Amino acid sequence: MQSVASLEDQVHELGRKVKEGHFFSHLMLEEQVRGLEAQVEKLHEKGRFDNGLTLDVKLARGYELQRGEQVGRASQTKRAEIWDCLMNEEVLRVGVWGQWGVGKTSLVKHIHDQIVRDRRRFDGACLVRVSQEGTVGMIQTDIANYLKLDLTDGSGVCWGARLKEALQELGIALERNGCKLIMTSRSSDVCEQMNCNKHVHVTTLPEEEAWCLFTKNLNAPFLPDIEDVARAVAKECGGFPLAIVVLSGVMRGKRHIHQWRNALRELQNLKFTPKFMKDDVFRVLTFSYHRLDLTRRECFSQVALYPEDHRVSKRKRVQYITDSKINGIEEKRQAQLDKGHTTPDELVDACSLEAETNGTGSRVVKMHDLSKDMAIDMANGEVMVKAGLELNEVADEPQWKERLKKVPVFFNKIGQIGWLKSSRRPKISTLLVDISDSFFKHMKALTT
C-alpha cells in the first residue's frame, strides 16, 4: 500500500504542476507520466485474471536472451512478419502458434532482443512464460515483482482504479499507450480466444534449412563419405529445430561413418510409450538421454524435478552433485565440487540443457518442457512432480505408489504432508520441500 500511496502522491503533484503551467509542452508531460502509467495499469488490471494459468515471469528487461542469429530464410521471414505487426498501430495482439518444438519461444526471444536493442521505439519488454500446470494465484504478484510493485493488499484494485482516473484527467489515454502483446501457443484456437489481431503460424523447417541448422550446430566439418548418412540422421528430426539442436549436440565430434550409421539405426528402432508414439522430437530427446553417462543422467533428471521453465542456479546444481552418492561411489569433497561445476556445463554443451544469464549476471540452466516430460516419462512411475503448483496440502492419492523414489513438492504453500505419517513410502530417496530459514535459526550444531 505504501507503493500505491506514493504513486497517488506523484499523480497529485503532477496535476498541480499542469494547472500551474510548469510544463512547456505535452511531450514533457507525457515523459513525466509514462513511468507512472505502466504501474497504474498493472494495478488496475490486478483483479481481472481468472484461475487456470500460471505465469513464470522472466525478469529480462534491459538484457538480451538469445545468442547468435537465426538460421534460414523461413525463420527470418516469420521474425520479419512479427516485427511488421509491432510496427502496425492497428495490431495490438499477435498470436504465434505451431507444434511443440518448432521454435516459437526462440522466435519470440529474438523479437524480445530486437526490442531491447531498439531503444528509440520501445521503452522496454517483459517476457513471461505460461506454464502447462498449476493455477493463477501468483500471476499478479509475479508481474508486480517485475514492475517493483507491492500488491500484497487486496485493496490495490480500488487504488489502481483511482490512480488510472487521475492520469486520464491529465489528458493521457492509457488505451493508446503503445503496449502490445505477443503470445505463443500450440493452438490457433487459443490465439482466437485471446482476440489476437494477427496470427503467425510457425511450421517445421524445410529440408535444406534443417540441414543448414544441423551442420551449423555440429560446429565442425565432416568427411564427404559421411554426408549421406548424416543427412539421413538429420531427417529423423522431422524439421523440428529443438530436435535438430539436441541431435547435432549429441553427434558433435563424431567423425567415423560407423558412429553415424549406428546412430541412425538406434533412432529408427527406438520404442515409445503410447503418450509419445511417432513423435520425432521425443525420439531424438530419448536418444540423447540414452547417450548420457550415469552422472550426467542423474543431473539431468534432477533439473526435471523443478517447476516448468524454472532457472536452476549454480549453487543448487553443485549442491545436488556433492550431496549425491551416484552409483554408491564415495568421493573426496574437491572431486565432488569439480563434478558439480562440470556436469551441468557438459549437459549444456551437449544441448541437453539450456544456459542463460539472468539479470544479475549469474549463469543459470533450464530444461525445455518437452525434455522435462521425457525425463519424467523415462522414470517409469518412480517420480511424481508436484512442484510449483500452489498447493496448500499434499493429499494421499492413489498415484502415490510404493515404488516412488523422487517427490518434489517445493515452491508450494504446504503446511504439512499428512501421508508421510500414515503411508508406507519405503523407496523415497529424494523429498524436496520448502522449509523456512527461521526453522533452523536456533540449531547451532546442525551440519547437514
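Be aware that the sequence shown starts at 1, since it is given in full-length UniProt numbering, and climbs by one per residue.
Cβ coordinates follow ideal geometry from the N, Cα and C atoms, glycine included.
Since this is a predicted model, take the numbers as computed values, not measurements.
Query, Result
"Through-space distance from ARG283 to VAL312, alpha-carbon basis", "25 Å"
"Cβ shell of VAL303 (< 6 Å), same chain only, five flanking positions each side left out", "VAL312, MET367"
"Which listed residue (LEU353, ALA243, ASP345) has its alpha carbon closest to that of TRP100", "ALA243"
"C-alpha distance - VAL200 paired with SER188, whole-angstrom precision", "9 Å"
"First and last residue of the uninterrupted beta strand (DSSP E) at ALA304", "Segment: none, ALA304 is in no beta strand (DSSP E) and carries neither H nor E."
"Bridge partner(s) assigned by DSSP for LYS104", "None; LYS104 has no bridge partner."
"LYS413 (DSSP reduced to helix, strand or coil)", "coil"
"Rounded distance between the beta-carbons of GLU382 and ASN412, thought under 8 Å", "Contact flag wrong, Cβ pair sits at about 21 Å."
"DSSP state of ILE428 mapped onto helix, strand, coil", "coil"
"Nearest-angstrom Cα separation, counted from TRP97 out to residue 453", "Because the chain here runs from 1 to 448, residue 453 falls outside it and cannot be looked at."
"Cβ neighbour criterion (16 or more within 10 Å) applied to ARG393", "It is worth fixing the name first, because residue 393 is Glu in this sequence and not Arg. It is exposed - the Cβ of GLU393 has fewer than 16 other Cβ atoms within 10 Å."
"Cβ-Cβ separation, GLY95 to MET194 (assumed contact under 8 Å), whole Å", "6 Å"
"Beta-carbon proximity check, ARG296 vs LEU347, cutoff 8 Å", "yes"
"Exposure label - GLY124; buried when at least 16 CB within 10 Å", "exposed"
"Distance CB(GLY103)-CB(GLU209) smaller than 8 Å", "no"
"DSSP three-state assignment for ARG255, whether helix, strand or coil", "coil"
"Same chain, Cβ closer than 7 Å to VAL229, five either side skipped, listed in chain order", "ILE257, TRP260, ARG261, LEU264"
"THR184 to ALA335 span [Cα, whole Å]", "43 Å"
"Whether ARG79 touches ILE111 by CB criterion (8 Å)", "yes"
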